[in-house]
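Inspection log for the structure reproduced underneath, given as structure tokens.
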Amino acid sequence: MKIPRTFFSYILMLVVTIFISGCVSPQVDKQEACESSEHSKKLRILLHKLDTVTFEPSYSELERDQYRLGYASEISHIVGEMVKRQQNKEIAACGMDLSTQQRQIFDQLSLKLQVQAQQLLEYIKLQQTESIKPQLNRINQTCTSCHQQLNLEIQ
2 MKIPRTFFSY ILMLVVTIFI SGCVSPQVDK QEACESSEHS KKLRILLHKL
52 DTVTFEPSYS ELERDQYRLG YASEISHIVG EMVKRQQNKE IAACGMDLST
102 QQRQIFDQLS LKLQVQAQQL LEYIKLQQTE SIKPQLNRIN QTCTSCHQQL
152 NLEIQ
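Counted from 1, the sequence shown has number 133 at position 132 by this note's numbering; the numbering is strictly sequential.
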């Protein structure tokens with residue numbers, strides 16, 4: 002069975018239109034989504050580096066601890082910046098319009114995240130490398146909880 006060219010062209014144009022329309026959105030929403038997505042990407046990369054430093058055979062334990070401290074510090078900085086911008090309403094809950102109840106949940110979890118990021122910084126300052134991973138797990142749980150409760154897509 003041979004597919005007519007016009008039908009094939011129609012399908013191709015439809016697919017291209019859907020793809021392009023999915024990429025185009027109002028500038029403000031796109032900027033906020035891109036910024037939020039960029040933070041998520043950076044955090045995933047740093048968490049991966051933090052996980053893999055343990056298995057790097059060429060590093061001494063002291064070097065591993067230094068890498069852990071450095072990656073954790075970067076993570077804490079990114080999380081702190083995200084919280085600060087969200088609390089200052091520079092990013093309105095990742096560009097979403099929230100109800101009053103959702104905004105309260107968002108603000109509560111944002112404050113919790115801020116406290117957890119500050120605690121992570123304390124562990125870094127005190128060089129308590131054994132406390133970093135559990136604290137990062139708590140931060141991750143708070144982020145995941147917020148995304149789930151507010152039905153935010155994790156980029």
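Quick reminder that beta carbons are idealized off the backbone N, C-alpha and C, glycines included.
If you're wondering where the values come from, they're calculated on a predicted model, not measured in any experiment.
- A Cβ-Cβ contact shorter than 9 Å links V54 with R65.
- Close CB contacts of I106 within its chain, under the 6 Å cut and outside five residues either way in sequence, are with Q150 (chain order).
- Taking 8 Å as the upper bound for CB-CB distance, I79 and H40 are in contact here, some 6 Å apart.
- Across the structure, Q119 and P58 are spaced so that their CA atoms are roughly 31 Å apart.
- In this structure, DSSP gives P135 a helical state, which the three-state scheme calls helix.
- Residue environment: T101 is assigned as exposed (fewer than 16 neighbouring CB atoms within 10 Å of its CB, all protein chains considered).
- T143 counts as buried, since at least 16 other C-beta atoms from the protein chains shown sit within 10 angstroms of its C-beta.
- The Cβ-Cβ distance between I133 and Q117 does not fall below 9 Å.
- Ranked by Cα distance from V84, the first of F56, L110 and L99 is L110.
- Per the coordinates, the alpha-carbon of L127 lies some 10 Å from the alpha-carbon of L121.
- Scanning the segment 46–101 for uninterrupted alpha helix (DSSP H) segments of 4 residues or longer gives 62–88, listed from N- to C-terminal end.
- In the same chain as K113, and ignoring 5 residues on each side of it, the C-beta atoms closer than 6 Å to its own belong to T143, in chain order.
- Taking each of Q115, D98 and F56 in turn and checking the Cα distance to R86, the smallest one comes out for Q115.
- Annotation: L63 to T130 spans about 10 Å, alpha carbon to alpha carbon.
- Nearest Cα to N138 within the set Y68, D52, N89 and R104: D52.
- In the three-state reduction of the DSSP assignment, Q128 falls in the coil class, being assigned neither a helical nor a strand state.
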